[in-house]
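Protein chains in written order, with this note's numbering: chain P, 1 to 182; chain L, 183 to 768.
Just so it is clear, CB atoms sit at the ideal spot from N, CA and C, and this is done for glycine as well.
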Amino acid sequence: MSVTTTSTHYPAATVSQQVETHTLSVLVDNEPGVLARVIGLFSGRGYNIDSLTVSETEHERHLSRITIVTSGTPMVIEQIKNQLDRLVPVHRVIDMTVAGPHLERELAMVKVRGKGEHRMEALRLADAFRARVIDASTESFVFEITGASDKIESFIALMLPLGLVEVSRTGVVAIARGPEGM
Amino acid sequence: MSTEMTGAEMVMAALADQGVEHIFGYPGGAVLPIYDALFQQQKVKHILVRHEQGAVHAAEGYARSTGKVGCVLVTSGPGATNAVTGLTDALMDSIPIVCLTGQVPTHLIGNDAFQECDTVGITRPCTKHNYLVKNVADLPRVLHEAFHIAKSGRPGPVVVDIPKDIQFAKGKYSRPRDFQHRGYRPKVKGDLDRIKSAIGLMQHAKRPLFYTGGGVVNSGPEACQLLRELVKLTGFPITSTLMGLGAFPASDPQWIGMLGMHGTLEANFAMHDCDLMICVGARFDDRITGRLDAFSPGSKKIHVDIDPSSINKNVKVDLPIIGDCGHVLEDMVRLWRSTAREPDKHALATWWKQIDKWRARKSLAYRSSNEVIKPQYAIQRLYELTKSRDTYITTEVGQHQMWAAQFYRFEEPNRWMTSGGLGTMGYGLPAAVGVQLAHAGSLVIDIAGEASVLMTMQEMSTAAQYRLPIKIFILNNKYMGMVRQWQELLHGGRYAESYMDALPDFVKLAEAYHAVGIRCERPGDLDAAIKEMIAVNKAVIFDCVVDPAENCFPMIPSGRAHNEVLLGDSALSPDDAVTEEGKVMV
């Protein structure tokens, strides 16, 4: 008896749905290994991390807040939330993208090197973007800029021809609008 | 109440307070203080295994057959890495395990010290949770928490890694208290409105089907009782996964057999054609669903599961109910009784008529022989000769496992211990050790393959040490049978490395392990040989020499839908037996 099939003994991948980007806020116990658990979950299950930001936010209760920007099909996003929620040190998982109006900000430090007109142009643009100069030398500036990711992207794109040296970015942090906490 | 003691003493105190009677383990440098404390107490009995993987599988068998948490104690480095297979197995099958691992002293962690490994790093993805205890003051809390996490919610393995200096350090021990974990609070009660909607769907269904899994067994005997009650009340057919066997009695006429890759034709066809699927404690595993886009296309699906991440993972369901199967089934039974509306009796009768037609195909039939023992026949005889006894069955992984699932008929839960999710060859023998320890007077049989059982054969020595009369019933076909079957069906009969050459003489091997060896080669001798095996009050290795060419059917080939099942020759009706194509039924 033979079967003509080239498949393995695992089912074929399902046809993928539309990929969406979501921002998740995750409240976790600030204990050793918690970040490894979150990252291990993403790598182990093949999920994407577009951006990840973490810091302790409530010192007395030893709670940290992780903001993750991830992308996947709606079913994968739902899986990510449920899998995160299942981790023992995870207190809450909020999908900011669906929870309601919220703010997203990123901070970047942008180093630009140049002289003459390029230098002046960089300063003028920084002013327009409300970026601050936090370090200066005769041939360079370090700008600090805060804003949504696309604003930072635009600023970096403009700095590129003016002598962009390097960029350091925090990744996205997010918070809901209005009086309610997470 | 708190008393000053060493970390090692705390471990023993916590085990005793958690009601642990047996712990499976293997000593080594980094756990010697704990072994010293163990030596000086009477409450917890240590079972010395021959390999750490065996310790975890034995603890799994122990846990699965009793509903208690299985405990393991191993050393650092290789002790911990050897336990990883067992831990992963327990994670995949949701078995509550607490595994204590020794670790090098805290000041040496990260220094590549002798027998050091990053135990929490290695076991993070294969445990429900794990801990590295760096302060003796945390140890009592962590130990009690480990038991709580292992057994509550969806059960699973928990590792507690204890550096050697923490085992020596002194601190205050505190007994377990009722506590609320800060973040971990699994939801056990199902949403009542959703359960009401489920009852509504069930009352309107024309072709309903219960699809149940290991979650019902894990939930406990009460949940199994409630499941039986609900199935009786509704009159619906019921099928179950490999892990769920025994939750519903196989002798009941509403039982339509196991489903999935090697499930019965009636179970898989019913899954495909039903209009309402009531999934209780199962997870739509790929061995169950086959081709996802052709999986039960016309049905509404209710999914009861304690783990929210099981919902909509593989299959989109219409009505998810998060909660413990026992609680949800209790609500379902109560609501079904209190609602006046009867289900559609006429539609149900038509549905049963259809199922009976599929049943009449006798998908498990095989060609019997007087010359050579057919493996299916061996399991059937084993079942007939042991069914009236207090019997527990474990298995290894492969063809024999599927035949055991098909032909051994389970009436009660917790009687069937098998590696479902991970498919770990070598599971059954150590699992039988664990089961026999928990059930001293019972008949414990490992239905094995000759390839699998060699992976953990050393545990025969454990069985000998503790006088455990386990029966290793080997269906010996001299092949890794399931590998050979796949090579025959899918790789042009090129049997790459699946022939078990140079097998040991299992009778002599049994004798070497202070056990009894029995070999049986002819169908006519089988009954007497099985009776002899049962009668011996010692461990037995039974070498049942079976037809090496036999394949396990029905079989849903990879990437096929439920209604594209392959049947064995003798299960085919005369008209499709003619052509090769006829064997692929569409």
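Taking the C-alpha atoms as reference points, what is the distance between residue i and residue j?
i	j	result
Gly605/L	Ile229/L	25 angstroms
Glu512/L	Ala405/L	8 angstroms
Gly480/L	Gly602/L	28 angstroms
Gly259/L	Thr305/L	12 angstroms
Arg357/L	Leu412/L	40 angstroms
Asp526/L	Glu180/P	49 angstroms
Ala445/L	His454/L	The residue asked about is misnamed: residue 445/L is Gly in this sequence, not Ala. The alpha-carbon atoms of Gly445/L and His454/L are separated by roughly 13 angstroms.
Val554/L	Asp709/L	14 angstroms
Asn317/L	Gly353/L	9 angstroms
Thr21/P	Phe42/P	15 angstroms
Glu298/L	Tyr548/L	53 angstroms
Met767/L	Leu671/L	Low confidence applies to Met767/L: its pLDDT is 33, below 50, so where it sits in the model is not reliable, and the reading given next is rough at best. Each residue's Cα considered, the two are about 15 angstroms apart.
Thr146/P	Ala128/P	13 angstroms
Gln349/L	Ala295/L	17 angstroms
Ser25/P	Thr67/P	5 angstroms
Gly189/L	Ala380/L	50 angstroms
What residue range does the alpha helix (DSSP H) around residue i cover?
i	result
Glu242/L	234 to 248
Met642/L	642 to 647
Asp199/L	189 to 199
Val689/L	688 to 694
Ser149/P	149 to 159
Lys483/L	Unbroken run through Lys483/L is the beta strand (DSSP E), 482 to 487; no alpha helix (DSSP H).
Gln83/P	74 to 86
Lys378/L	374 to 386
Ala449/L	447 to 455
Phe42/P	34 to 44
Alpha carbons only, please: which of the options is nearest the one belonging to residue i?
i	options	result
Gly623/L	Lys720/L, Phe592/L, His696/L, Gln647/L	Lys720/L
Ala678/L	Leu671/L, Arg666/L, Asn496/L, Cys461/L	Arg666/L
His369/L	Thr270/L, Ile488/L, Leu325/L	As written in the sequence, residue 369/L is Lys, which differs from the His given in the question. The shortest Cα separation from Lys369/L among Thr270/L, Ile488/L, Leu325/L belongs to Ile488/L.
Leu255/L	Arg549/L, Phe206/L, Gly268/L	Phe206/L
Arg177/P	Ile134/P, Asp50/P, Arg105/P, Leu160/P	Arg105/P
Leu564/L	Gln588/L, Gly750/L, Phe221/L	Gln588/L
Arg132/P	Val167/P, Glu144/P, Asn48/P	Glu144/P
Val88/P	Gly505/L, Met662/L, Tyr366/L, Met642/L	Tyr366/L
Asn494/L	Glu78/P, Arg169/P, Ile156/P	Glu78/P
Glu242/L	Gly210/L, Leu273/L, Val324/L, Asp218/L	Leu273/L
Leu107/P	Ile156/P, Arg124/P, Glu31/P	Ile156/P
Asp683/L	Cys456/L, Gln669/L, Leu636/L, Lys346/L	Leu636/L
Asp506/L	His485/L, Ile700/L, Thr577/L	His485/L
Thr267/L	Ala586/L, Val238/L, Arg541/L, Cys281/L	Val238/L
Ala692/L	Phe361/L, Val302/L, Ala646/L, His621/L	Ala646/L
Glu524/L	Ile377/L, Ala387/L, Gly284/L	Ala387/L
Thr73/P	Gly699/L, Asn745/L, Asn496/L, Gly261/L	Asn496/L
Might you give, ordered along the chain, the residues of its own chain that have their beta carbon closer than 8 angstroms to the beta carbon of residue i, omitting 5 neighbours on each side?
i	result
Gly426/L	Thr394, Gly395, Gly396, Gly397, Val398, Val399, Gly463, Ala464
Leu374/L	Asp513
Gly114/P	Ala122, Glu139, Ser140, Leu162, Gly163
Glu191/L	Ala219, Tyr355
Leu619/L	His204, Ile229, Ala240, Tyr244, Tyr648, Leu650
Is it true that the CB of residue j sits closer than 8 angstroms to the CB of residue i?
i	j	result
Ala697/L	Ile656/L	no
Gln223/L	Met187/L	no
Ile420/L	Gln436/L	yes
Ile738/L	Val747/L	yes
Ser634/L	Gly580/L	yes
Asp29/P	His62/P	yes
Tyr47/P	Val90/P	no
Gly210/L	Thr638/L	no
Val280/L	His311/L	no
Cys308/L	Thr283/L	no
Asp347/L	Thr301/L	no
Could you name the residues of the same chain whose beta carbon sits closer than 6 angstroms to that of residue i, not counting the 5 residues immediately before and after it, in chain order?
i	result
His582/L	Ile629, Gly631, Leu657
Arg336/L	Ser276, Ile488, Asp489
Asp572/L	Ser624
Within 8 angstroms (strictly less), CB to CB, does residue i reach chain C?
i	result
His91/P	No chain C is present in this structure, whose protein chains are P and L.
Among residues of its own chain, excluding the 5 on either side of residue i, which ones have a beta-carbon nearer than 7 angstroms to its beta-carbon?
i	result
Asn552/L	Pro705
Leu685/L	Glu632, Lys660
Pro730/L	Asn659, Lys660, Tyr661
Val617/L	Gly243, Tyr244, Ser247, Tyr574, Thr576, Met599, Val626
Lys227/L	Glu203, His204
Gly292/L	none
Would you give the residue range spanned by the beta strand (DSSP E) that residue i belongs to?
i	result
Ile555/L	Looking at the DSSP string, Ile555/L is not in any beta strand (DSSP E), and its letter there is neither H nor E.
Asp628/L	625 to 631
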